[in-house]
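Structure first, commentary second.
2 protein chains.
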Amino acid sequence: MFVSASVTCFFAPKIDEPKRSGSLGVSFTIDRGVNVRLTDEGLKFNGKDMRIPTAEYILKSLNYYGGVEVKSNLPLGCGFGLSGAIALASALEINKRLGLNMSLLQLADLAHEAEVLNRTGLGDVVTQCYGGFVVRKKASCPSRCTIDRYLWDIELDFLVIGEMRTSEVLEGSLKDVYRIGKRSLREFLRKPSLENLFKVSKDFAVRCGFVDDRIMDAIEAVESTDGFASMIMLGRGVFAYKGEVLKEFKGKYFRSKVSMCSIGFEKP
Amino acid sequence: MFVSASVTCFFAPKIDEPKRSGSLGVSFTIDRGVNVRLTDEGLKFNGKDMRIPTAEYILKSLNYYGGVEVKSNLPLGCGFGLSGAIALASALEINKRLGLNMSLLQLADLAHEAEVLNRTGLGDVVTQCYGGFVVRKKASCPSRCTIDRYLWDIELDFLVIGEMRTSEVLEGSLKDVYRIGKRSLREFLRKPSLENLFKVSKDFAVRCGFVDDRIMDAIEAVESTDGFASMIMLGRGVFAYKGEVLKEFKGKYFRSKVSMCSIGFEKP
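These protein sequence lines are chains A and B, in that order.
Position one of the first sequence corresponds to residue 22 (this note's numbering), numbered consecutively onward.
Position one of the second sequence corresponds to residue 22 (this note's numbering), numbered consecutively onward.
Written out as structure tokens, the structure reads:
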């Protein structure tokens, strides 16, 4: 089972009990993501044993006494929503294997719960249920969320500088982030263009104090070559439109298409 | 732009003003559908000039003074939701060409409106926004509809015997169809398995009086070889799981995968 990575542009987090937790904001899915298959035991990520708390939660919740093997060409902990993708893909695989006949939104709610409880993400699973640029208009679990989508057929550039622990940010004071994120959503919806999305996203990241000098240098380099760029929420990295200049920076660079289709039975 | 065909298993229609019109029920998208591109003028379907009222409505509503060319390996008027697919794909293409920055649900609402006004469909566009087996829990336009999805990774068999004008059925008394359809949805959701979906769908088609002898013969042939089958709503045709025996019947036979992904920029 393939589930796309999800990259968040800006967000307004709300933490309550799992079903009422989530985030407003805009995220998008890309052609890269995770391929997950069930195994007899253990959790492996690209061949290495690893603790993946969201997957453990899914295995336990669905009473599957086996393991999960994940393959991905993206790094964990860098803002690509892999913990949510792994949880959702595992839930879909177990649903199929055990013939549970659970719906996508039931499985997604469970994956979302795994994320909230582990503080690994708040809006990725909702985004991964749809694909494209997904606007979350309500901070909640997938089955209660109201969304809309913009299907822009574009390729983006990415620069990954390093990790950033979502859980640390989500343990901090979220009130200011919520207020800034909510205003960002209003500003984006007033003019829902790609250019405005980048503008709103960068303003959000700066106002929240997430942007350090290396990130800002990379963003400005893209802007000076007539591209748009902002910071990956939450990872030490940059996503950009017409951002080939990111190649020149230290870190891992790649390009990926925005995908309309975020869930697939076949590996892409 | 590619948009999947949508096949309806059962439905409960409601006709009111366009945004409040729609149908409850279950439909699914398949790997086949329509490829649409914008042209200078005229409406063409597989190279032939044709009147496609839903596409005309979209061109006019979005002020696009050009034409549309549709390619499809499915027939019009046989229950594959092509009028909705063409409307949605045209709207997406025009949105892109004119840089309108409209959201998927805004474009889908317009395509749904085109369907309702021409009585060509009530639930196809909602289905085509998502993909897989889509449960419509509210009879309304896409932006107001509540849905859920079952992502069963299967291939189905189809037999197309002939056309059936959706508009004629939708002009008739819909009260009984609504009542039977609503009960069918409850029965399906009580046990949302593939086997029960076929059972509920066949009961629905029979109770509504849509099934003639040729359709019933084909359904029974599939059942006698341990498959499941029901009638395409609304077309003179049959969809089946393990229904290879349909090959032996008069009409057009084909197989197609159920698609998780119903909208794509690339032609599949």
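Cβ coordinates follow ideal geometry from the N, Cα and C atoms, glycine included.
Only a predicted model underlies this, so the values are computations on that prediction, with no experimental measurement involved.
Name the residue from L255(A), Y262(A) and D234(A) whose alpha carbon lies nearest to the alpha carbon of K220(A).
In the first sequence, counting from the first residue as 1, residue 220(A) sits at position 199. Here the closest residue by C-alpha is Y262(A).
Measure the alpha-carbon distance for M237(B) versus F231(B) and round it to whole angstroms.
As a position in the second sequence, residue 237(B) is number 216, starting the count at 1. As a position in the second sequence, residue 231(B) is number 210, starting the count at 1. Note on geometry: alpha-carbon atoms of M237(B) and F231(B) lie some 10 Å from one another.
So, does the CB of G105(B) fall closer than 9 Å to a CB anywhere in chain E?
The structure shown contains no chain E; the protein chains it does contain are A and B.
Alpha helix (DSSP H) runs contained entirely in the region 48–97 of chain B, provided each spans 4 or more residues
74–82, all fully within the region 48–97 of chain B.
Using a C-beta cutoff of 9 Å, does L113(B) count as contacting chain A?
The sequence position of residue 113(B) within the second sequence is 92, counting from 1. Taking Cβ atoms only, chain A reaches closer than 9 Å to L113(B), which makes this a yes.
Any beta carbon of chain B sitting closer than 9 Å to that of I201(A)?
Start at 1 with the first residue of the first sequence, and residue 201(A) comes out as number 180. Chain B contact via Cβ: absent.
With distances taken Cα to Cα, identify the nearest neighbour of F270(A) among G183(A), S222(A) and S188(A).
The sequence position of residue 270(A) within the first sequence is 249, counting from 1. Closest by C-alpha distance to F270(A), out of G183(A), S222(A) and S188(A), is G183(A).
Run the CB neighbour count on Y85(A), radius 10 Å, all protein chains shown included, and call it buried at 16 or more, exposed below.
Residue mapping note: residue 85(A) aligns to position 64 of the first sequence, counting from 1. When all chains shown are included, Y85(A) counts as buried.
Please specify which runs of the alpha helix (DSSP H), each continuous and at least 4 residues long, are wholly inside the region 196–226 of chain A, giving them in chain order.
If we require 4 residues or more, the alpha helix (DSSP H) runs fully inside the region 196–226 of chain A come out as 196–211.
Quick check: the region 94–114 of chain B against the region 135–150 of chain B, are at least 3 beta-carbon pairs closer than 8 Å?
Verdict: yes, contact present.
Looking at the C-beta of R53(B), does it have a partner C-beta in chain A at a distance below 9 Å?
For the purposes of this step, residue 53(B) is taken as the residue at position 32 of the second sequence. Look at R53(B): its C-beta is not under 9 Å from any C-beta on chain A.
Determine whether the Cβ of R170(B) lies closer than 9 Å to any Cβ atom of chain A.
Numbered from its first residue, the second sequence carries residue 170(B) at position 149. True, the Cβ-Cβ gap to chain A drops below 9 Å.
Check D37(A) in the structure and name its three-state DSSP category.
As a position in the first sequence, residue 37(A) is number 16, starting the count at 1. Looking at D37(A) - three-state DSSP - the assignment turns out to be coil, as it is neither helix nor strand.
So, does the region 185–202 of chain B touch the region 96–105 of chain B, judging by three or more C-beta pairs under 8 Å?
In this structure the region 185–202 of chain B touches the region 96–105 of chain B; the number of beta carbon pairs closer than 8 Å is three or more.
Mind checking T7(A): buried by the 16 CB within 10 Å criterion, or exposed?
Limits of chain A in this structure are 22 at one end and 289 at the other, which puts residue 7(A) out of reach.
For L119(B), count the other beta carbons within 10 Å of its own beta carbon; 16 or more makes it buried, fewer makes it exposed. Which is it?
Translated into positions along the second sequence, residue 119(B) becomes position 98. Exposed, by the Cβ-count rule.
Name the chain A residues that come within less than 9 Å of G285(B), Cβ to Cβ?
Looking up residue 285(B) in the second sequence gives position 264. Ordered by position in chain A, the residues that pass the 9 Å Cβ test against G285(B) are M281 and C282.
For a minimum of 3 consecutive residues, which ranges assigned as the beta strand (DSSP E) are wholly contained in the region 228–278 of chain A?
Listed in chain order, the complete beta strand (DSSP E) runs (minimum 3 residues) inside the region 228–278 of chain A are 249–252, 257–262 and 273–278.
Look up T29(A) in the DSSP assignment and say whether it is helix, strand or coil.
Position 8 of the first sequence, counted from the first residue, corresponds to residue 29(A). If DSSP states are grouped into helix, strand and coil, T29(A) belongs with the strands.
Please list the segments of the beta strand (DSSP E) lying wholly inside the region 127–200 of chain B, counting only runs of 3 or more residues, in order along the chain.
Taking only runs of at least 3 residues, the beta strand (DSSP E) segments lying wholly in the region 127–200 of chain B are 154–157, 168–171 and 176–183.
Against P34(A), what residues of chain B qualify as contacts under a CB-to-CB distance less than 7 Å, listed in chain order?
As a working note, residue 34(A) is residue 13 in the first sequence. Within 7 Å Cβ-Cβ: nothing; P34(A) doesn't reach chain B, min ~23 Å.
Counting only the same chain and skipping the five closest in sequence on each side, list residues whose C-beta sits under 7 Å from that of L125(B).
For this step, residue 125(B) is matched to residue 104 along the second sequence. So the list reads C150, once near-sequence residues are dropped.
DSSP state of L103(B), grouped into three classes?
Along the second sequence, one-based indexing puts residue 103(B) at 82. L103(B) carries a helical assignment under DSSP once its states are collapsed to helix, strand and coil.
Residues near S76(A) by beta carbon distance below 7 Å, same chain, minus five either side
Sequence index remark: in the first sequence, residue 76(A) carries index 55 (1-based). Inspection of the sequence shows that residue 76(A) is occupied by Ala rather than by Ser. L64, V89, I107, A108 and S111.
Using 8 Å as the threshold, is the region 150–159 of chain B in touch with the region 245–262 of chain B, meaning 3 or more CB pairs across them?
Cβ pair count under 8 Å is below three, so no.
Whose C-alpha, out of L267(A), D224(A), C282(A) and E244(A), is nearest the C-alpha of F31(A)?
What you label residue 31(A) is simply residue 10 of the first sequence in a count that begins at 1. Minimum Cα distance to F31(A) is reached at D224(A).
Can you tell me the Cα-Cα spacing of L143(A) and G43(B), whole angstroms?
Translated into positions along the first sequence, residue 143(A) becomes position 122. Translated into positions along the second sequence, residue 43(B) becomes position 22. Straight-line Cα distance between these residues: approximately 32 Å.
Please list, in chain order, the chain A residues whose beta carbon lies closer than 8 Å to that of D247(B).
Within the second sequence, numbered from 1, the residue matching residue 247(B) stands at position 226. Among the residues of chain A, none has a CB under 8 Å from the CB of D247(B); the nearest is roughly 17 Å distant.
Just grab the DSSP bridge partners of F23(A) for me.
What you label residue 23(A) is simply residue 2 of the first sequence in a count that begins at 1. F23(A) is bridged to N56(A) and G285(A).
Presumed contact (8 Å Cβ cut-off) between Y199(B) and K35(B), rounded CB distance
Locating residue 199(B) in the second sequence gives position 178, counting from the first residue. Locating residue 35(B) in the second sequence gives position 14, counting from the first residue. The pair is a contact, with the Cβ atoms about 7 Å apart (cut-off 8 Å).
Under 9 Å between the Cβ atoms of R41(A) and S194(A)?
Along the first sequence, read from residue 1 onward, the residue named residue 41(A) stands at position 20. Along the first sequence, read from residue 1 onward, the residue named residue 194(A) stands at position 173. No Cβ-Cβ contact shorter than 9 Å links R41(A) with S194(A).
Residues, ordered as in the chain, of the region 195–222 of chain A that lie near chain B by beta-carbon distance below 7 Å
Result list: P213 and S214.
Let me check understanding here. Comparing Cα to Cα, which of G285(B), S27(B), K278(B) and E62(B) lies closest to E176(B)?
The residue given as residue 176(B) occupies position 155 in the second sequence. If we check each option's Cα against that of E176(B), K278(B) comes out closest.
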